[in-house]
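Protein sequence lines, in the order shown, are assigned to chains A and B.
If you count by my numbering, then the first sequence holds residues 7 to 139, one letter each, in order.
If you count by my numbering, then the second sequence holds residues 46 to 200, one letter each, in order.
Below: the structure, in structure tokens.
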Amino acid sequence: MIPTSRDSIKIDFDEGVASLRVQNVGVMDAHDLLNNLTNGQGFPSLGVPPIAPVPATVSFDIEWSGITESAKIVNVMQNFRGQFVKTGATINWSAESADFAFQSESPNPDRNLYSVIGHEQNGVFFHLEADDV
Amino acid sequence: MTRVPVPPWRGLLQRKTQEHIRLFHTGATNLTRRGFLGTAALAAGVVSAPELALSPFARADAKSGEPKPIPGGATAFGFLVHHNPMPTTPIPLTAINDPSEIGDFNGVIIDTQIRGLGTGTGLSAPVSFRADMGAMQGEYIGEDGKHHHGSFVFI
Chain A
7 MIPTSRDSIK IDFDEGVASL RVQNVGVMDA HDLLNNLTNG QGFPSLGVPP
57 IAPVPATVSF DIEWSGITES AKIVNVMQNF RGQFVKTGAT INWSAESADF
107 AFQSESPNPD RNLYSVIGHE QNGVFFHLEA DDV
Chain B
46 MTRVPVPPWR GLLQRKTQEH IRLFHTGATN LTRRGFLGTA ALAAGVVSAP
96 ELALSPFARA DAKSGEPKPI PGGATAFGFL VHHNPMPTTP IPLTAINDPS
146 EIGDFNGVII DTQIRGLGTG TGLSAPVSFR ADMGAMQGEY IGEDGKHHHG
196 SFVFI
């Protein structure tokens with residue numbers, strides 16, 4: 007999780023539309039999942055050798071649109087509540103390091119698995135309201 | 046030797062991660078803060094293409110008011126990550142876990158579990174990827190106990 011500019015996030019909750027656009031943010035490319043989890047130390051018991059992370063940049067444009075479901079969620083176990091809409095989404099994603107570059111296919115709505123836009127409160131901001139029960 | 050101040054929440058995350066490594070992964074010790082943040086980024090979702098698994102740069106600037114992580118999260122290969130991935134199956138919206146990575150948070154959140162194809166250097170054919178990415182924007186109680194506003198992206 008990294009801070010980003012306010013302008014990179016645009017949300018219209020009522021319309022079920024949002025976007026997240028980030029250009030050339032610096033990250034470390036850890037090569038694979040387990041080297042990411044172990045900060046480049048590999049995972050010998052699973053046969054994954056250590057590979058040191060390298061600097062990279064990523065850019066992405068994710069678009070949310072098309073409400074398919076709307077719900078108020080009140081989850082006492084996890085201490086969060088909020089109004090959420092489930093939507094469609096598309097992604098355009100690219101990455102570049104010194105010796106590798108990756109570019110996703112053109113945005114394709116069929117690739118969405120599960121996307122939401124929400125306005126939530128958790129932790130100390132969580133509270134029950136009269137109509138929750 | 047020059048010491049770089051470590052913000053409290055990062056120090057806490059590092060200690061907790063090292064404790065977890067010591068307890069459950071004795072062959073892999075001394076996981077750094079960058080490793081933890083990478084873990085968070087990873088669960089937040091990056092690419093099944095073998096060349097890409099990304100973690101944010103470690104930032105040396107010491108700031109108070111860093112956000113606190115949510116208490117729970119998901120586990121990947123025994124590593125607790127303070128993030129609940131979006132579902133990969135069409136469950137009811139009311140059944141999702143807290144999509145925020147920030148605890149004590151009041152704001153808007155966007156999150157997607159999405160897949161696709163892509164091409165990369167040295168790859169002879171398109172490879173598949175799946176990403177769980179999003180952003181949070183709003184008010185939170187920072188590690189310093191004070192109210193803050195901010196915008197954050199998880200990759």
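Cβ atoms here follow ideal geometry from the backbone N, Cα and C, with glycine treated the same way.
Since this is a predicted model, take the numbers as computed values, not measurements.
query	result
Neighbourhood of residue 157 of chain B by C-beta, 8 Å cutoff - its chain only, sequence neighbours within 5 removed	131, 176, 177, 178, 179
Minimum Cβ-Cβ distance from residue 164 of chain B to chain A less than 8 Å	yes
is_contact[residue 193 of chain B, chain A] using C-beta, thresh 8 Å	no
Contained beta strand (DSSP E) runs [length at least 3] in the stretch 142 to 200 of chain B, N- to C-terminal order	150 to 165, 172 to 186, 192 to 199
Residue 190 of chain B: contacting residues in chain A (beta-carbon distance under 7 Å)	Neighbours of residue 190 of chain B on chain A: none; closest Cβ ~10 Å, over 7 Å.
Beta-carbon proximity of residue 129 of chain A to residue 85 of chain A, cut-off 8 Å	yes
Own chain, CB closer than 6 Å to residue 36 of chain A, minus 5 neighbours either side, in chain order	42, 59
CB contact below 8 Å: residue 55 of chain B versus chain A	Its pLDDT being 45, under 50, residue 55 of chain B is placed unreliably by the model, and nothing is read from it.
Exposure of residue 17 of chain A, with buried meaning 16 or more beta-carbon neighbours within 10 Å	buried
Where residue 30 of chain A falls, given that 16 or more other Cβ within 10 Å makes a residue buried	exposed
Three-way DSSP call (helix, strand, coil) for residue 39 of chain A in this model	helix
Test item: CB-CB of residue 171 of chain B and residue 183 of chain B under 8 Å	no
Residue 118 of chain A, enclosing beta strand (DSSP E) - first and last residue	118 to 128
Short CB-CB distance (under 8 Å) between residue 138 of chain A and chain B	no
Terminal residues of the beta strand (DSSP E) in which residue 75 of chain A lies	60 to 81
Residue 18 of chain A in three-state terms, based on DSSP	strand
Residue 68 of chain A Cβ short of 7 Å to the ligand COA heavy atom set	Absence of the ligand COA from the depicted structure is noted, as is the absence of any ligand whatsoever, leaving it without description.
Buried/exposed call for residue 82 of chain A, threshold 16 Cβ in 10 Å	exposed
Beta-carbon proximity list for residue 25 of chain A, same chain, < 6 Å, skipping 5 on both sides	16, 69
DSSP three-state assignment for residue 115 of chain A, whether helix, strand or coil	helix
Collapsed DSSP secondary structure at residue 51 of chain A in the structure displayed	helix
DSSP bridge partner residues for residue 31 of chain B (one or two, in chain order)	Because chain B in this structure spans residues 46 to 200, residue 31 of chain B falls outside the shown range and cannot be described.
C-alpha gap between residue 13 of chain B and residue 127 of chain B, whole angstroms	Outside the shown range of chain B, which is 46 to 200, sits residue 13 of chain B, and nothing can be said about it.
Contact between the stretch 86 to 103 of chain A and the stretch 130 to 146 of chain B (3+ Cβ pairs under 8 Å)	yes
Test: residue 170 of chain B CB closer than 8 Å to a CB of chain A	no
Rounded distance between the beta-carbons of residue 80 of chain A and residue 138 of chain A, thought under 8 Å	5 Å
Segment limits, beta strand (DSSP E) that includes residue 11 of chain A	Careful: residue 11 of chain A lies outside any beta strand (DSSP E) and carries neither H nor E.
Proximal chain A residues relative to residue 121 of chain B, where beta-carbon distance stays under 7 Å	43
Exposure label - residue 199 of chain B; buried when at least 16 CB within 10 Å	buried
Under 9 Å by beta carbon: chain A residues contacting residue 125 of chain B	Ordered by position in chain A, no residue passes the 9 Å Cβ test against residue 125 of chain B, which lies about 11 Å from the chain.
Distance, residue 77 of chain A Cα to residue 135 of chain A Cα	15 Å
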